[in-house]
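Okay, so the sequence shown: first residue is 2 according to the numbering used here, each after it adds one.
Yeah, the Cβ is synthetic: ideal placement off N, Cα and C, and Gly gets one too.
First up is the structure itself, then whatever we jot down about it.
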Amino acid sequence: MCTTFQVRTEDNKYFHIMNMELFTAAGSRMLVAPRGHQYKSEGPDGLEAMSWVGKYGVVGNSLGPTERFHGAMNEKGLSVTGLYLPDFTEYMAVSEEDNGNFITYVHLIDFVSSQFEYVEEVKAALSKIKVCDQKIPEFGNVSQPIHFAVYDKLGYCLVIEFVGGEMKLYDNPYGTLANAPTFDWHLANLRNYTNISNKGYLTTEFREGETIMPLGAGSGTLGLPGDDTAAGRFVRAAFYSNQVTPKNWDEGMVEAIQLSNKATVTSGSIKYNGKGFGIDADVSNICAWRHIASNSTGVFFQSHYGTNSWLKFDTNEIDFDTPGIRSMNYLNTTLEFKDLSHEI
Numbered sequence: 002m003c004t005t006f007q008v009r010t011e012d013n014k015y016f017h018i019m020n021m022e023l024f025t026a027a028g029s030r031m032l033v034a035p036r037g038h039q040y041k042s043e044g045p046d047g048l049e050a051m052s053w054v055g056k057y058g059v060v061g062n063s064l065g066p067t068e069r070f071h072g073a074m075n076e077k078g079l080s081v082t083g084l085y086l087p088d089f090t091e092y093m094a095v096s097e098e099d100n101g102n103f104i105t106y107v108h109l110i111d112f113v114s115s116q117f118e119y120v121e122e123v124k125a126a127l128s129k130i131k132v133c134d135q136k137i138p139e140f141g142n143v144s145q146p147i148h149f150a151v152y153d154k155l156g157y158c159l160v161i162e163f164v165g166g167e168m169k170l171y172d173n174p175y176g177t178l179a180n181a182p183t184f185d186w187h188l189a190n191l192r193n194y195t196n197i198s199n200k201g202y203l204t205t206e207f208r209e210g211e212t213i214m215p216l217g218a219g220s221g222t223l224g225l226p227g228d229d230t231a232a233g234r235f236v237r238a239a240f241y242s243n244q245v246t247p248k249n250w251d252e253g254m255v256e257a258i259q260l261s262n263k264a265t266v267t268s269g270s271i272k273y274n275g276k277g278f279g280i281d282a283d284v285s286n287i288c289a290w291r292h293i294a295s296n297s298t299g300v301f302f303q304s305h306y307g308t309n310s311w312l313k314f315d316t317n318e319i320d321f322d323t324p325g326i327r328s329m330n331y332l333n334t335t336l337e338f339k340d341l342s343h344e345i
């Protein structure tokens, strides 16, 4: 389970927010890949996958103890993330004819974030390659069904899915993505909520001369899903993230944090069998980590379930010249409070 969405300001600043729901954040690390880094995707069955040299420096997080990005932003403000899409994902088939012109889905975020500045560039490049399956050893040696969201500093958002062995590219006018079903289904489902509004109902008459008024604010959101299914989270995130009206970057960052808080899944509220992730126990789903990518300024913020603080990684200040991928533990941050007891 995951939810990702966008906040835009009146002066055209853009934020990409990602809430990563998983049973644990263990093993996840912050990564930095420099400009000029040599990337190599593995190929299945002895086939030769693509290799490439990164144009841009990249910062982001890993899904586990790997050097592959799962949520990332490059120094040009392009951000990418992956979300679970079970029951619908089927990656593309590859053969010897595709040697040197395909990557596995686990390297798609590495490829996109290291090579491109704008969504339109991503669309053009992906139309020329294939993306195939790969099993992940650190997650029980199974394949993970993933779809992807790409955001740029102009405010454009792209959804990448693999259905029926074909790549599907969707422009995303709402900047929102969750899990299954596929993105086109979620767009169609939004049409069931045309009654939802941030303006409350004023009055109504059950019979002539008998006027009823709402009991307070919020009546316009009656019918907005309150559940934690992907369908419910998509509608809720699309609605709330497109109602906020921050004027500038500071207000936009405040709204991004508050919306991320609003979308957070707490411990014990959802339990599922984690067998697909290589474990057998009945576990609780949580918002294991969160990130906010300030696409307009190139600053990446990271947090996790055990803290109320956000770590800042500014691509304008990060060393992207030193060779090799660097990593650091960010899960050791805990609760932080400013104590004013002796100042009041």
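Alpha carbon of residue i to alpha carbon of residue j, nearest angstrom
i: Ala125; j: Ala150; result: 15 Å
i: Gly58; j: Ala189; result: 37 Å
i: Lys136; j: Asp315; result: 33 Å
i: Leu346; j: Met254; result: Past the edges of the chain, shown from 2 to 345, lies residue 346, and the structure says nothing about it.
i: Gly221; j: Ala239; result: 15 Å
i: Phe321; j: Asp228; result: 42 Å
i: Arg234; j: Asp134; result: 27 Å
i: Thr195; j: Thr334; result: 42 Å
i: Arg192; j: Asp46; result: 44 Å
i: Pro324; j: Ala73; result: 18 Å
i: Asn350; j: Pro138; result: This structure cannot speak to residue 350, because the chain is shown only from 2 to 345.
i: Val245; j: Glu98; result: 49 Å
i: Asn404; j: Lys339; result: Here the chain covers residues 2 to 345 and nothing more, so residue 404 does not appear.
i: Pro226; j: Ser261; result: 17 Å
i: Glu209; j: Asn243; result: 37 Å
i: Phe117; j: Arg36; result: 12 Å
Own chain residues within Cβ distance below 7 Å of residue i, not counting five before or after
i: Thr205; result: Ile213
Same chain only: Cβ atoms within 6 Å of residue i, ignoring 5 sequence neighbours per side
i: Val250; result: Before going on, a small fix: residue 250 reads as Trp here, not Val. Lys14, listed in sequence order.
i: Gly78; result: Lys154, Asn296, Gly299
i: Ile271; result: Asp229, Asn286
Residue j beta carbon less than 8 Å from that of residue i
i: Glu22; j: Val266; result: yes
i: Val143; j: Ser114; result: no
i: Val123; j: Leu178; result: no
i: Leu332; j: Ser96; result: no
i: Ala294; j: His38; result: no
i: Leu86; j: His187; result: no
i: Glu211; j: Val8; result: no
i: Glu76; j: Ile326; result: no
i: Gly61; j: Tyr40; result: no
Where residue i falls, given that 16 or more other Cβ within 10 Å makes a residue buried
i: Gly176; result: buried
i: Pro247; result: buried
i: Lys131; result: buried
i: Leu336; result: exposed
i: Ala364; result: Residue 364 lies beyond the range of the chain shown here (2 to 345); nothing can be said about it.
i: Val83; result: Reading the sequence as shown, one finds Gly at residue 83 and not Val. With 16 or more Cβ atoms within 10 Å of its Cβ, Gly83 is classed as buried.
i: Asn199; result: exposed
Reference residue i; option with closest CA among the options
i: Thr43; options: Thr105, Ser220, Leu127, Glu252; result: It is Glu, not Thr, that sits at residue 43 in the sequence shown. It is Thr105.
i: Leu223; options: Glu211, Thr230, Glu121, Val236; result: Val236
i: Ala181; options: Pro215, Lys200, Leu170, Ala232; result: Ala232
i: His70; options: Val107, Thr90, Pro87; result: The question names His, but residue 70 in the sequence shown is Phe. Closest by alpha carbon: Val107.
i: Ala218; options: Gly210, Ser242, Gly201; result: Gly201
i: Met31; options: Thr4, Glu344, Arg291, Gly165; result: Arg291
i: Phe89; options: Val164, Pro215, Gly65, Glu252; result: Val164
i: Met168; options: Tyr119, Leu225, Leu109, Ile287; result: Leu109
i: Met19; options: Tyr152, Gly269, Val33; result: Tyr152
Sequence-distant residues of the same chain with beta carbon closer than 8 Å to residue i, five excluded per side
i: Phe103; result: Ser42, Gly44, Leu48, Ala50, Met51, Met93, Val95, Ile130, Lys131, Val132, Cys133
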